[in-house]
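Last residue of the sequence shown: 260 (UniProt numbering), numbering continuous.
For every residue, glycine included, the Cβ atom is placed at its ideal position computed from N, Cα and C.
Before any comments, here is the structure.
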Amino acid sequence: MHVTQANDGIKIAYRSFGDGPEAVFLVHGWTVSGAVHDDLLEHLDRDGLRVIVPDLRGAGQSDKPEAGYSIQRYADDILAIADAEGIKSFTVVGHSMGGQIAQWLAAYHPDRVNGAVLLCPVPASGAPLPEEAIGLFSSAGGNRDVQRTILGMACKELSPASLERLLDDGARTLPEAVRLSFDVWRKGGFAEALGSIKAPLLVVGTDDPFLPVAALRGEIVAKVRGARFAYLPGPGHYVQVERPRETAALLQAFLAARRP
């Protein structure tokens, strides 16, 4: 595990795999840490790649401040890691809230992002939720039973072992970070910036009940010039855990298509 310091002094932990010329960041989403990508890493051919897996602030082995959670702040932390590693440009792969962070990076830092893959991403416009869901999600921090309920609603093909692993990981995330980041990602607020994305972008959608295909096509794909969409039927929200082999294949095809 490596550690770097963000520009506000917070320490951000991350793992690095390989020393290839092509840098890829795997950015996790809400409640969990970079460990959510472990199954994907097992199936990903990392030859020629340098894969960076951060723990966002508040999660995993990173510092857990009581404040300072925003999409811009998360994006700045990713850039701090890239700078510490001497990485000038990279492909960003973001899941869920991590997909929203990836959209921010691609829109506001086009000189750093040379490609983006969004796995069941929260759109830049946010994620409208019914009132009962807002109440449930707001109370998820530090509450294993609530997180179990949410995962049960969101996932279609999650094994019992994977479910417990996600819950164990979520138990290490600061409850206040869960609450504050939920308020941030569900509201979004930067959809107008998507038109400035120039990097190749792939959105991967599933049978996710919270982020259906039509919403992803309308709120992201339709707003980014040249964006592509891949539909993987069957799994729910945690596609890289429910279907790691297929997710790895989609990512590898995306990377291969951009090589000379």
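Residue burial classification, residue i (beta-carbon count within 10 angstroms, cutoff 16)
| i | result |
| --- | --- |
| ASP208 | buried |
| TYR69 | buried |
| GLN103 | buried |
| GLU22 | buried |
| ALA253 | exposed |
| SER196 | exposed |
| LYS187 | exposed |
| ALA107 | buried |
Per DSSP, cross-strand counterpart(s) of residue i
| i | result |
| --- | --- |
| GLN5 | LYS11 |
| VAL53 | ARG15 |
| ALA95 | Here the sequence assigns His to residue 95, which means Ala is not the residue at that position. In the DSSP output, where bridge partners are listed per residue, HIS95 has LEU119. |
| TYR231 | GLY205 |
| PHE90 | VAL113 |
Three-way DSSP call (helix, strand, coil) for residue i in this model
| i | result |
| --- | --- |
| THR247 | helix |
| VAL241 | helix |
| VAL36 | helix |
| GLU22 | strand |
| VAL27 | strand |
| GLU42 | helix |
| VAL146 | helix |
| VAL178 | helix |
| ARG172 | coil |
| LYS64 | coil |
Cβ-Cβ distance between residue i and residue j below 8 Å
| i | j | result |
| --- | --- | --- |
| LEU79 | HIS109 | yes |
| GLY29 | GLY98 | yes |
| VAL241 | PRO121 | no |
| LEU151 | LEU158 | yes |
| THR4 | VAL178 | no |
| ASP169 | SER33 | yes |
| LEU129 | VAL239 | no |
| GLY226 | PRO244 | no |
| ALA230 | LEU250 | yes |
| ILE12 | SER89 | no |
| PRO235 | THR206 | yes |
| VAL27 | VAL93 | yes |
| VAL224 | LEU194 | yes |
| PRO123 | ILE220 | yes |
Exercise. Are the stretch 6-19 and the stretch 49-60 touching by the rule of at least three beta carbon pairs closer than 8 Å?
Worked result: yes
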